[in-house]
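When you read off a place in the sequence shown, starting at 1, and then add 255, the result is the number in our numbering. One structure below.
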Amino acid sequence: MLIDLRSDTVTQPTPAMREAMFQAPLGDDVLGDDPTVNALEAKAATLFGMEASLFCASGTMTNQLAIRTLTRPGDDVICDYLSHVYQYEGGGISVNALASVSLAHGQRGKLTPDLIREYIYSPTDPHKPLSRLVVLENTVNKGGGCYYTVPEIAAIRRVCDEYNLLLHLDGARLFNALVETGDPIEAYGQLFDSISICLSKGLGCPVGSLLLGRADMIRQARRYRKLMGGGWRQAGFLAAAGIYALDHHIDRLKKDHARARKIGAMLEHLPEVEEILPIDTNIVIFRLPETLLAADYVAQLETKGIRGISFGKHLVRFVTHLDFTDEMLTEMETKLQSVVVS
Ligand SMILES: Cc1ncc(COP(=O)(O)O)c(C=O)c1O
256 MLIDLRSDTV TQPTPAMREA MFQAPLGDDV LGDDPTVNAL EAKAATLFGM
306 EASLFCASGT MTNQLAIRTL TRPGDDVICD YLSHVYQYEG GGISVNALAS
356 VSLAHGQRGK LTPDLIREYI YSPTDPHKPL SRLVVLENTV NKGGGCYYTV
406 PEIAAIRRVC DEYNLLLHLD GARLFNALVE TGDPIEAYGQ LFDSISICLS
456 KGLGCPVGSL LLGRADMIRQ ARRYRKLMGG GWRQAGFLAA AGIYALDHHI
506 DRLKKDHARA RKIGAMLEHL PEVEEILPID TNIVIFRLPE TLLAADYVAQ
556 LETKGIRGIS FGKHLVRFVT HLDFTDEMLT EMETKLQSVV VS
């Protein structure tokens, strides 16, 4: 049995999700008349108490559309150096938005009001770019799945309001945070100017992300999506999976978190594991000794039927998900112990 923990993106749609996809009424979304896409966009906007939303192919696309829409060329974006928008989106902030980036170094990728203040430029200093947008990530992927609470975000919002900055959320795994904190989802709609959520990660859809924001912002983002070649036609097949996931796959995320913690307990007994980041949601990141490269360890794991990814020279990441079962969890213990490290 192959245990694939490279990411929560590796899941297959469940039979019930496939059925919902096959049954979906379809239209041409570029012309605005795919009823299932329209229903998904309306459902998501209502859920967050935001005016509108836009269904897109990926979280990279929704993040980049947000940054492009909320900034002007020459503006500056403040984010943590671990954030996905900086590390893993192909330098898109500079390419798509012609904006610069100020990189804060927070604890496990989380920003704080004081940290943000350090990176805000004076708008009267002509030497500096104009600070325009703050981007938070929740949960923080490279921070090991740690999360913000609503009061923490509210404090950041106050700084943004004080300095006239906009606030975007990369909420690729926002629902993982929400099931842990129990925070009300509508609070997010009030605190952010735009939010990106992914349906293809913990929620188990084959494809898809949503960008949420004010109606005028989403109208502009729709223009940019077209410009990037991201207009799609009978996308209702994919939107149906999204509707199904929002209805059925949120509460179960707690199971992924519990299984991730159990993996953490197994790792504690392995001599080659030097440190495990606190396990807050579905991401497990652990450190190997200086003498052991993560790439070599991951190759060893693969021979035992476990897939993880190398997340730095000596860091390995596992992500639990919908297709990772208790049976696999039980098998994992023996498999992990059988890895030979020299
Ligand atoms: C935190 C975070 N944001 C954004 C993305 C981008 O999503 P996509 O792979 O759909 O472009 C990812 C993908 O793993 C992610 O982990």
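C-beta atoms are modelled at their ideal positions from N, C-alpha and C, and glycine is treated no differently.
Closer than 7 Å: H423 CB and nearest ligand 1 heavy atom: Locating residue 423 in the sequence shown gives position 168, where the first residue counts as 1. Distances between the C-beta of H423 and the heavy atoms of ligand 1 are all 7 Å or more.
Within the present structure, is the beta-carbon of N537 separated from the nearest heavy atom of ligand 1 by less than 7 Å? On the sequence shown, residue 537 is found 282 positions in, with the first residue counted as 1. It does not: the Cβ of N537 is nowhere closer than 7 Å to a heavy atom of ligand 1.
Can you tell me whether E223 sits near ligand 1, meaning its C-beta is under 7 Å from at least one heavy atom of the ligand? No answer is possible for residue 223: it lies beyond the span of the chain, which begins at 256 and ends at 597.
How would you write the range of the alpha helix (DSSP H) that H503 sits in, first residue to last? Position 248 of the sequence shown, counting from 1, holds the residue named residue 503. Run containing H503: G491 to H503, per the alpha helix (DSSP H) assignment.
With distance defined between alpha-carbon atoms, name the residue in G329, M583 and L454 nearest to P381. What you label residue 381 is simply residue 126 of the sequence shown in a count that begins at 1. Nearest in C-alpha terms to P381, of all of G329, M583 and L454, is G329.
Would a C-beta distance cut-off of 8 Å place C401 and K365 closer than the cut-off? Within the sequence shown, the letter at position 146 stands for residue 401. Within the sequence shown, the letter at position 110 stands for residue 365. Closer than 8 Å, so yes.
Under the three-state reduction of DSSP, which class applies to V596: helix, strand or coil? Here the question's residue 596 lines up with position 341 in the sequence shown. Per DSSP, reduced to three states, the secondary structure at V596 is coil, with no helix or strand assignment.
H339 - containing beta strand (DSSP E), residue span: Position 84 of the sequence shown, counting from 1, holds the residue named residue 339. Run containing H339: none in the beta strand (DSSP E); it sits in the alpha helix (DSSP H), H339 to Q342.
Quick one: measure Cβ to Cβ for Y341 and A359, integer angstroms, because I've assumed they're closer than 8 Å. Position 86 of the sequence shown, counted from the start, is the residue given in the question as residue 341. Position 104 of the sequence shown, counted from the start, is the residue given in the question as residue 359. Y341 to A359, Cβ: 10 Å. No contact.
According to DSSP, is A359 helix, strand or coil? For the purposes of this step, residue 359 is taken as the residue at position 104 of the sequence shown. DSSP places A359 in strand when its eight states are reduced to three.
Excluding the five sequence neighbours on either side, which residues of its own chain have a C-beta within less than 8 Å of the C-beta of R413, listed in chain order? Within the sequence shown, residue 413 is the residue found at index 158, counting from 1. In its chain, beyond the 5 residues on either side, P368 have a beta carbon closer than 8 Å to the beta carbon of R413.
Length of the line joining the Cα atoms of Q278 and C460: For the purposes of this step, residue 278 is taken as residue 23 along the sequence shown, with counting starting at 1. For the purposes of this step, residue 460 is taken as residue 205 along the sequence shown, with counting starting at 1. Taking the straight line from one Cα to the other gives about 16 Å.
Based on Cα-Cα distance, which residue from S386, M587, G399 and T291 lies nearest to R562? Position 307 of the sequence shown holds residue 562. Comparing Cα positions, the closest option is M587.
In chain order, each alpha helix (DSSP H) run of at least 4 residues that lies wholly inside the region 524 to 563: Those alpha helix (DSSP H) runs which fall completely within the region 524 to 563 and span 4+ residues are 549 to 558.
CB contact flag (L388, L420, <8 Å): Locating residue 388 in the sequence shown gives position 133, counting from the first residue. Locating residue 420 in the sequence shown gives position 165, counting from the first residue. Cβ distance < 8 Å, so L388 and L420 count as in contact.
Thinking C-beta only, is G399 closer than 8 Å to R428? Position 173 of the sequence shown holds residue 428. Position 144 of the sequence shown holds residue 399. It is not a contact, given that the beta carbons lie outside the stated cut-off.
By alpha-carbon positions, which one of T589, S262 and D284 ends up nearest to K481? Position 226 of the sequence shown, counting from 1, holds the residue named residue 481. It is D284.
Is it the case that the CB of S357 approaches a heavy atom of ligand 1 more closely than 7 Å? Your numbering for residue 357 matches position 102 in the sequence shown. It does not: the Cβ of S357 is nowhere closer than 7 Å to a heavy atom of ligand 1.
Between which two residues does the alpha helix (DSSP H) holding F303 run? Looking up residue 303 in the sequence shown gives position 48. From DSSP, the alpha helix (DSSP H) with F303 extends over P290 to F303.
At a Cβ threshold of 8 Å, is L388 touching chain C? As a matter of chain content, chain C is missing from the structure shown, which is built from one protein chain.
Whether M272 touches A442 by CB criterion (8 Å): Looking up residue 272 in the sequence shown gives position 17. Looking up residue 442 in the sequence shown gives position 187. For the pair M272 and A442, the CB atoms are not nearer than the 8 Å cut-off.
Can you give me the Cβ contacts of Q319 inside the same chain, cut-off strictly under 7 Å, excluding the 5 residues immediately before and after it? In the sequence shown, the residue the question calls residue 319 occupies position 64. Excluding residues within five positions, the ones whose Cβ falls inside 7 Å are E344, G347 and N351.
DSSP beta-bridge partners for C401? Position 146 of the sequence shown, counted from the first residue, corresponds to residue 401. The partner list for C401 (beta bridge, DSSP) reads V395.
Could you tell me which residues DSSP pairs with H423 in its beta bridges? As a first step, residue 423 is located in the sequence shown; it is residue number 168 there, counting from the start. Paired residues: V390 and S449.
DSSP state of C460 mapped onto helix, strand, coil: Taking the first residue of the sequence shown as position 1, residue 460 is located at position 205. If DSSP states are grouped into helix, strand and coil, C460 belongs with coil.
Under 8 Å, do I538 and V574 count as touching if we go by C-beta distance? The residue given as residue 538 occupies position 283 in the sequence shown. The residue given as residue 574 occupies position 319 in the sequence shown. Yes, the Cβ-Cβ distance between I538 and V574 is below 8 Å.
Alpha carbon to alpha carbon, how far is Q489 from L281? Give it in angstroms, no decimals. Looking up residue 281 in the sequence shown gives position 26. Looking up residue 489 in the sequence shown gives position 234. L281 and Q489 have their C-alpha atoms roughly 6 Å apart.
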